[in-house]
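Participant:
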Amino acid sequence: MTIFNELMEWRNFFDILIVACIIYILLKIFRGTIALQVLKGLAIFSVFFIIAEIFRLDTLSWIIDRLVPILLIGIIVLFQPELRRGLARIGERSFGSFFEFEGNRVIEEVCKATVELSKNRFGGLIAFERETGLDQFIETGVLLNAEVTAELILALFYPKGALHDGAMIVRGNTLVAASCLFPLDRDETLRFGTRHRAALGISKETDAIIVVVSEETGDISFAHAGKLIKGISDKTLREMLTIYLNSGNQGGRA
């Protein structure tokens, strides 16, 4: 009986460990999507279910038992796009380890393009995805999935180009999308243009880092965590990008 009890204890331990791993993986997969909020709601729902089981609250248990199948079907129907993206991310993570984030090359290309944008006073807005997914913002733009090069960045932000408005999103080594829309910062005391407000807005909602080039002055700015540093040099920009993108916090999916 002692051996049996020990086996049961180990089985319970592994049971809890597996469930915890599944929850962690789901949170990582669906980060940056509406589905993440649903997962949080389900977590709260699960707490009520556990309480009902522990304290034998029959009425609450009966209600939860009837609601679970309906909720599962509803989630599958309502969040098909998020589920597809989540499964795609599993594939990306599986094969992503074979590719290294070419941090220095990407930084060099972005800095080269930023200097040219600044000289010519072409507006620019470039966001680098990190831990928080930017899928919902990528969907608002035009998918490119191209290599990050200075020439492509300059072509996309050329004032007469079709995709010069909006933001460009970089994920790892890839220029994922252009002409993306970001939420604008609503602080009316700040005298910023649309690009700078968009940079602040997205930096408050995610952990992305954002490079902004002013169309009016040619000034280069850097935004992160709700803060905007204006008028930085290309040397400072290179140093800041190196710190943030090569620190292991970059999404780095190839």
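Residue numbers (this note's numbering): 1027 to 1280. Glycine included, C-beta positions come from ideal geometry on N, C-alpha and C.
#1: Glu1157: which of Asp1041, Phe1040, Tyr1270 and Ile1042 sits nearest, CA to CA?
#2: Under DSSP, the alpha helix (DSSP H) around Phe1163 begins and ends at which residues?
#3: Based on DSSP bridge pairs, tell me the residues matched to His1250.
#4: Report back the beta-carbon spacing between Phe1290 and Leu1143 to the nearest angstrom; my notes put them in contact at under 8 Å.
#5: On the three-state DSSP scale, how would you describe Gly1150?
#6: Measure the alpha-carbon distance for Thr1140 versus Ala1204 and round it to whole angstroms.
#7: Determine the extent of the beta strand (DSSP E) in which Ser1205 is found, giving its start and end residues.
#8: Specify, as a first and last residue, the run of the alpha helix (DSSP H) that Ala1224 falls within.
#9: With H, G and I counted as helix, E and B as strand and the rest as coil, what does DSSP make of Val1174?
#10: For Leu1169, does the three-state DSSP call read helix, strand or coil?
Facilitator: In short:
#1: The residue with the shortest Cα to Cα distance from Glu1157 is Tyr1270.
#2: Annotation for Phe1163: the continuous alpha helix (DSSP H) segment containing it runs Asp1161 to Ile1164.
#3: Its beta-bridge partners are Lys1253.
#4: For residue 1290 there is no data in the structure shown, the boundaries of the chain being 1027 and 1280.
#5: Correct three-state label for Gly1150: strand.
#6: Going from the Cα of Thr1140 to the Cα of Ala1204 covers about 15 Å.
#7: From DSSP, the beta strand (DSSP E) with Ser1205 extends over Thr1200 to Cys1206.
#8: For Ala1224, the enclosing alpha helix (DSSP H) begins and ends at Thr1220 to Glu1231.
#9: Coil at Val1174, not helix or strand.
#10: Looking at Leu1169 - three-state DSSP - the assignment turns out to be strand.
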